[in-house]
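Now the structure itself:
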């Protein structure tokens, strides 16, 4: 069976030659612990030589764990990436097909023998000459893809580098900056805090490629909003080394997007961070606004994007991005890391770590531009945001009776807006003690020692966090609907923070009714509710549950403009209807 092996493939691969789907034999598999579970370093044999500097991608680890890949197995490399590093090259296998199981062969094909060297022995293929005179040969190790997340060096391109941001925490005031790191295999977010922020911020440049080592890798906090598809993120520490890469980096992408079609944005949860692409159909002037929470003045510009669905959305730019924007002449705009909000419809806001790319050289841009020139320029866009001309909004407005009659939520989550009053509000269980972790909403149990235990996190704490869970009945002219306002939406409804409500609840009694007053104060007041209807498994049975995902006071000017627009459209349709015979 020696003829199965692609003889000489290893030398050609490590000489940067293209070898299509080589067939090789695995001589060794060495597990390497990593945060995401075992990774495997392997020794490959092609019938002429072996090489130990080969890693299996994380997606292939399960094949080893389930004995689909074993020692002496013959495999076909369907997808692999070759990296150059100062101490020798490394090959990362991202996809393979098992040709023959090792337990069947039980020997090395041809004249090969198992290497007596350690798994960390240098590759048979020599390191490139440009690195042979490296002054500090111990300053680099292996280069592996971002998705591998091993203790080795990474080589990645910096994209979306943010400015330095100040923040407040329990330990005092701090500063940080973040970026996206990108290679052929994927993308990961990296963050530097305080002293590391000062040390690295002016060293790292956007769109440059670096060797990065000794960064801390942690699991991404559940629910953390980001458009980057990765379960982990990097934190730079005092031991982190970052050195500019002077190799050929043309194989590393300049940017990576995970676009959400504009017409699907209404299905995205509030505060999610996504990527979008669209033709800029309109751009407002730069305006100066005062931020309500900080009383700071900021520059702001609203632009509108439309894609092939004919759907249009409003995107808000801030600060320098608002002033520098130059995509008004029907250019294609790709927006990286924008936040989805629900106010007067669906709208987007560019985050501090986000970036705009005007007419980027990507297939999605070319396809969108071709569509716009042929068809899109003549399409009347359907806006899911407030209209630029008369405050007209075309989000999914319903009456409560309409939502029930149309069976919203029966076949999956449905979202709609309604103007309604709170007719009933329950003070029972309107507030509960929750785990203090930001990503955990589980109720805690008070222990005899005065501590609090979270079963989900399996830990005890000395404190807890109040969280609202307010049950209300909404009413409009057509009917009623039971709705749950959880967390932020509960705070929006009552107009007070969870901490304020918790303080009131703690001292509530016959002489202090502030907690009950805060709840009952919302009765028979109108609000604009963004609701989600969805079937959920609860208390042993499946039932339709409706939750608020946004609560805002009624803006009567906007509501009046919307109603006038609806009346005008209805009148137009009636005039255009053919007369009855």
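In full-length UniProt numbering, the protein residues as written are 1 to 581. Beta carbons are placed, not taken as given, at the ideal position from N, Cα and C, and that holds for glycine.
Quiz item: Just to confirm, are residue 530 and residue 549 a CB contact at a threshold of 8 Å?
Solution: Between residue 530 and residue 549, the C-beta spacing is below 8 Å.
Exercise. Mind reading off the beta-carbon distance from residue 266 to residue 384? Whole number of angstroms is fine, and I expect it under 8 Å.
Key: 6 Å
Practice problem: Below 8 Å on the Cβ atoms is my guess for residue 40 versus residue 56; work out the distance and round it to an integer in Å. | Solution: 4 Å
Practice problem: Check residue 503 in the structure and name its three-state DSSP category. | Solution: helix
Quiz item: Where does residue 416 land, buried or exposed, given buried means 16+ other C-beta within 10 angstroms?
Solution: Counting Cβ neighbours within 10 Å, residue 416 comes out buried, since at least 16 surround it.
Exercise. Only counting runs of 4 or more residues, tell me where the alpha helix (DSSP H) segments fall wholly within the stretch 24–68, in order along the chain.
Key: 61–65
Quiz item: Taking DSSP as the reference, what is the three-state secondary structure of residue 244?
Solution: strand
Quiz item: If you draw a straight line from the alpha carbon of residue 475 to that of residue 508, how long is it in whole angstroms?
Solution: 29 Å
Quiz item: Do you know whose CA, among 242, 67, 414, lies nearest residue 154's CA?
Solution: 242
Quiz item: Cβ atoms of residue 81 and residue 94: under 8 Å apart, would you say?
Solution: The answer is yes: Cβ separation under 8 Å.
Exercise. Return the chain-ordered list of same chain residues with a C-beta closer than 6 Å to the C-beta of residue 470, the five sequence neighbours on each side being excluded.
Key: 430, 485, 490
Exercise. Return the residue from the list 411, 209, 62 that minimises the CA-CA distance to residue 246.
Key: 209
Exercise. Enumerate in chain order the residues of its own chain whose CB-to-CB distance from residue 284 is below 8 Å, with the five nearest sequence positions on each side excluded.
Key: Same-chain partners within the cutoff: 301, 302, 303, 388.
Exercise. With a cut-off of 8 Å on the beta carbons, I'd call residue 334 and residue 277 a contact; round off their distance for me.
Key: Between residue 334 and residue 277 a beta carbon distance of about 5 Å is seen, short of the 8 Å cut, so the two are scored as contacting.
Quiz item: Is there at least one non-hydrogen atom of the ligand FAD closer than 7 Å to the beta-carbon of residue 352?
Solution: Absence of the ligand FAD is noted for the structure shown, with no ligands found whatsoever.
Self-check item: Euclidean distance between Cα positions of residue 17 and residue 211
Solution: 23 Å
Quiz item: Around the C-beta of residue 465, are 16 or more other C-beta atoms found within 10 angstroms, so that it is buried, or is it exposed?
Solution: So residue 465 counts as buried.
Quiz item: What do you reckon, are the CB atoms on residue 159 and residue 231 nearer than 8 Å?
Solution: no
Practice problem: Could you check the C-alpha separation between residue 135 and residue 362 for me, to the nearest Å? | Solution: Only weak support is given to the placement of residue 135: the predicted model assigns it a pLDDT of 34, under 50, and the value that follows is read from those uncertain coordinates. So the alpha carbons of these two residues sit roughly 40 Å apart.
Quiz item: Which runs of the beta strand (DSSP E) fall wholly inside the UniProt domain "Replication factor A C-terminal" (415–563) and span at least 3 residues, in chain order?
Solution: 431–434, 452–454, 459–461, 465–475, 480–486, 526–538, 541–553
Quiz item: Do the stretch 436–446 and the stretch 568–580 make contact, defined as three or more Cβ pairs closer than 8 Å?
Solution: Short answer: they don't touch.
Quiz item: Can you check whether the CB of residue 332 is closer than 8 Å to the CB of residue 379?
Solution: no
Quiz prompt | Where residue 236 falls: helix, strand or coil (DSSP) | solution = coil
Self-check item: Between the CA atoms of residue 497 and residue 468 - distance to the nearest angstrom
Solution: Between residue 468 and residue 497, the C-alpha separation is close to 9 Å.
Quiz item: What's the gap between the Cα of residue 114 and the Cα of residue 216?
Solution: In this predicted model, residue 114 has a pLDDT of only 38, less than 50, meaning its place in the structure is not dependable; the value taken from the coordinates is given anyway. Taking the straight line joining both Cα atoms gives about 35 Å.
Self-check item: Cross-strand partners of residue 346 (DSSP beta bridge)
Solution: 342
Quiz prompt | Burial state of residue 571, where buried means 16 or more other Cβ atoms lie within 10 Å | solution = With fewer than 16 Cβ atoms within 10 Å of its Cβ, residue 571 is classed as exposed.
Self-check item: Exposed unless 16 or more other CB atoms sit within 10 angstroms - verdict on residue 564
Solution: exposed
Self-check item: Span of the alpha helix (DSSP H) around residue 195
Solution: 194–200
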